[in-house]
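Single-structure report; data block below.
In the UniProt record's numbering, the protein residues as written are 1 to 658.
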C-alpha cells in the first residue's frame, strides 16, 4: 500500500508542479523545453500565491485555490500577449497579400523564435535518462523509497505538513508559527510544504511518502529539465550535447543527492532544482545567444516569476542566484559590446548596475548571525578543496582526478569554443566555486563569514551551486569534441564510463553507507516506533495531547499518527509551563505545579521511545526520561520497546485531583 501511495503522490506532485505553470508558459513563444522547464517555477509561484490568498480569505487549503489562481494567471497572460498575437496576425496577412515579399516578411517574423520553436526528440530522451538515473540513485542511497529520513530537520518538515492539513492554512506565516507559541508568527519558506501537503489533503497519503515522492519529482524531472533548457535553448546544443547533459544531470553526488541525505535540506533542494530554469530564462532575456531570442514581453515577466519561485522556495536561493547571474549579466554586457549591439549592451549594463548593489545588500543583510554560521568549519586543505570544487562533489571520492579532468576540459572548451560566446558558464562556475572553496578550506574570520555566512558556512549547500552551470558546460564540451575530434558514440560511451566510475567511488568510499545511516530505521525512528505511531488513532482521542521528546522521534506522532503533541519541533519558543513539563513531567504525582501545567496544556498521554536521540539537547526532556518508572503514567500500548502511556490523575496546587 505504501508504494501505491508513493506513486499517487508522485503523480500529484507532477500535476501540481507542471499543469498550472504550463497553462501560462504554453501561451508564450518558447520551445517545448523552455515551456516545460519554466512551468515548474511558475507553478511554484502560483501555489505560493494561492496559499497566501486562501489564508487571507479564510479558505481552507486544497487544490481549489491553486486552480483559481491558475485561471487568473492564464487570463493575465492571455491579455498581455494579445498585442503580440495581433501584430503577428497582421504581419501574416500582409505576407499573404504580397507574394513577392511574403517569404522574406514571414521569415523575419519567425526568425527571432525559429530556434526556440524547433523540437528535438533528444530532449525527452535525455530527460528520461536523467529521471531514471536520479530516481534509481536515490533509491540506492535510501535503501527503499518508502523510508523515513532519520535526520534532524525532517521532524519539522513532516510536522509542518500535518500542521497545514490540520489548520487548513498553508501560509508561510502559519507554518512559521509551528515553532513559536509565545510570540507572533514569523515567515518560514513553505513552498515545499505547500506542495507536499496536497496529496495528504487529497487522499490521506502518509506524509513521508508524499515528501519522498516530491523529492523524486523535483530531482528527477524539474532539475534536469532546467539543465536541458540551458543546453538546448541558451547554448543551442544539438543531439549529443543534449544527451550528454541529461546523462550527467544525476551523476554528481553533491546535487541533488546531498540535500536529500544531509539535513534534510528539502526547501533548499526545491530552490536549487528550480535554479537552472532561472538561469536559462535570464540568459534568454539578455540575449547571450542571438539566435534564440524571446520576446521581452514574455522574457522579463518569466524571469521575475522564476526568481520569485527560487526565493519563496528558500531564501538561500537568492544568494545562489546572484552568484550565478551577476557574472552572466556582466559577460552579456561585454558580449554585446564586442558585437556592437549598443542598445543591448546598455540594457545589460543597466541590469548589472542594479544587480551588483542588490547582491551586495542581500549578501550583507539577509544572512544568519555569525554564531549560527560558525557551526560548520573547514576540514580540507587548500589542494583538497580545489580538487573537490573542480570535481563538483563531496569529500572522499577516489575518482576525483577523473572528474577534475572532465570539469577542467569542459571549462577550457567553454572559454575557447564558439568564440567564447558562452564564457559566462566559466565565470559563474568560478564565482560559485570560490564560495564553495572557502567553505571547504578557509577558517579565518571574518573572511569565512563574509563569503559563506548566507549558507551557514555549510559545504553541503554550496556544493550544489557550481553544478548549475558546470553540467551544461560538460554538455557543450561533449558536442564540441564530437564536432572536432571524436564520434558521438565514443563521447557518450565515455560519459557513461565516467558516470560508472563515479558511482563506484561513492560505494567504495562509504557514501552509500553514510546515506543509509540517514534513512535506515533507528536513529530517529525505529520500525517498532513507526508501527506504534501509526496505531495512535486506535488508542488516543483526537483532542488529547501527547508529551513527546522531539529528539527521539516521538514528536512524529503528530505527522504519522495525526495526534497533537507537546513538542512539534526540536527548536521552539514556548510558554513556561511547556518547558516545566519537558523537564519534570515524571514528577506529576509529587509536584503540584507539574500537575497544574499538565492539566492546563491538556497533556493526557506520553510516549517513551527510550534514550537514543539525535542532535544535542537531551537536558531539555529530562521529564520524559523515566516516565515509565516513576508511577506518573501507565502503559496502554507497547510495540517492542516503544511505549504509549496514559498520565495518571494527580493533585494540583489547589488540592484537587486532576
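Even for Gly, the Cβ is constructed at its ideal location relative to N, Cα and C.
Starting from the C-beta of residue i, find all residues in its chain whose C-beta is less than 8 Å away, skip the five residues before and the five after it, and write them out in chain order.
i	result
residue 431	323, 324, 326, 327
residue 581	547, 566, 594, 597, 598, 601, 603, 623
residue 587	594, 623, 630, 632
residue 161	193, 196, 197, 200, 207, 210, 211, 559
residue 167	174
Report the residue from the options whose alpha carbon sits nearest the alpha carbon of residue i.
i	options	result
residue 441	408, 388, 461, 493	388
residue 496	311, 133, 81, 120	133
residue 468	55, 11, 534, 227	227
residue 445	377, 351, 205, 139	377
residue 289	298, 230, 320	230
residue 120	237, 379, 136	237
residue 70	85, 550, 44	44
residue 493	247, 177, 314, 17	247
residue 218	257, 189, 421	257
residue 252	366, 47, 223	223
residue 551	477, 156, 8, 245	156
residue 177	579, 591, 574, 26	574
residue 308	333, 274, 148, 296	274
residue 296	83, 520, 525, 627	83
Looking only at its chain, what residues have a beta carbon closer than 7 Å to the beta carbon of residue i, apart from the 5 residues adjacent to it on each side?
i	result
residue 24	42, 73, 74, 77
residue 62	201
residue 268	259, 314, 316, 461
residue 171	51, 52, 55
residue 122	239, 242, 243
residue 411	426, 429, 473
residue 189	172, 267, 312, 313, 314, 315
Straight-line CA distance for residue i to residue j?
i	j	result
residue 215	residue 345	40 Å
residue 303	residue 287	13 Å
residue 30	residue 38	10 Å
residue 54	residue 523	38 Å
residue 456	residue 94	60 Å
residue 90	residue 343	27 Å
residue 32	residue 277	13 Å
residue 353	residue 331	13 Å
residue 653	residue 584	16 Å
residue 569	residue 185	15 Å
residue 613	residue 553	8 Å
residue 221	residue 88	33 Å
residue 265	residue 259	5 Å
residue 183	residue 605	26 Å
residue 340	residue 413	24 Å
residue 234	residue 298	16 Å
residue 425	residue 472	8 Å
residue 243	residue 335	27 Å
residue 645	residue 19	46 Å
residue 57	residue 438	46 Å
residue 381	residue 443	11 Å
residue 8	residue 17	14 Å
residue 449	residue 165	38 Å
residue 64	residue 263	32 Å
residue 280	residue 369	32 Å
residue 402	residue 137	20 Å
residue 59	residue 49	13 Å
residue 349	residue 512	46 Å
For the beta strand (DSSP E) holding residue i, just list the boundary residues, first then last.
i	result
residue 643	642-647
residue 638	633-639
residue 546	545-547
residue 679	For residue 679 there is no data in the structure shown, the boundaries of the chain being 1 and 658.
If I measure Cβ to Cβ from residue i and keep anything under 6 Å in the same chain, skipping five residues before and after, which residues do I get?
i	result
residue 92	none
residue 642	528, 529, 532, 609
residue 272	464
residue 294	284
residue 319	454
residue 694	The chain is shown only over 1 to 658; residue 694 falls outside these bounds and no answer can be derived.
residue 516	143
residue 400	387, 391
Within the continuous alpha helix (DSSP H) that includes residue i, where are the two ends?
i	result
residue 580	576-584
residue 659	A query on residue 659 cannot be resolved here, the shown segment of the chain reaching from 1 to 658 and no further.
residue 328	316-338
residue 723	Here the chain covers residues 1 to 658 and nothing more, so residue 723 does not appear.
residue 261	258-261
residue 226	223-229
Using 8 Å as the limit for Cβ to Cβ distance, is residue i near chain B?
i	result
residue 69	In the displayed structure, chain B is absent; only one protein chain is listed.
State whether the segment 476-484 contacts the segment 417-430, with contact taken as three or more CB pairs (one from each stretch) at a distance under 8 Å. yes
Tell me, please, whether the segment 532-546 touches the segment 130-147 by the rule of three or more beta-carbon pairs shorter than 8 Å. no
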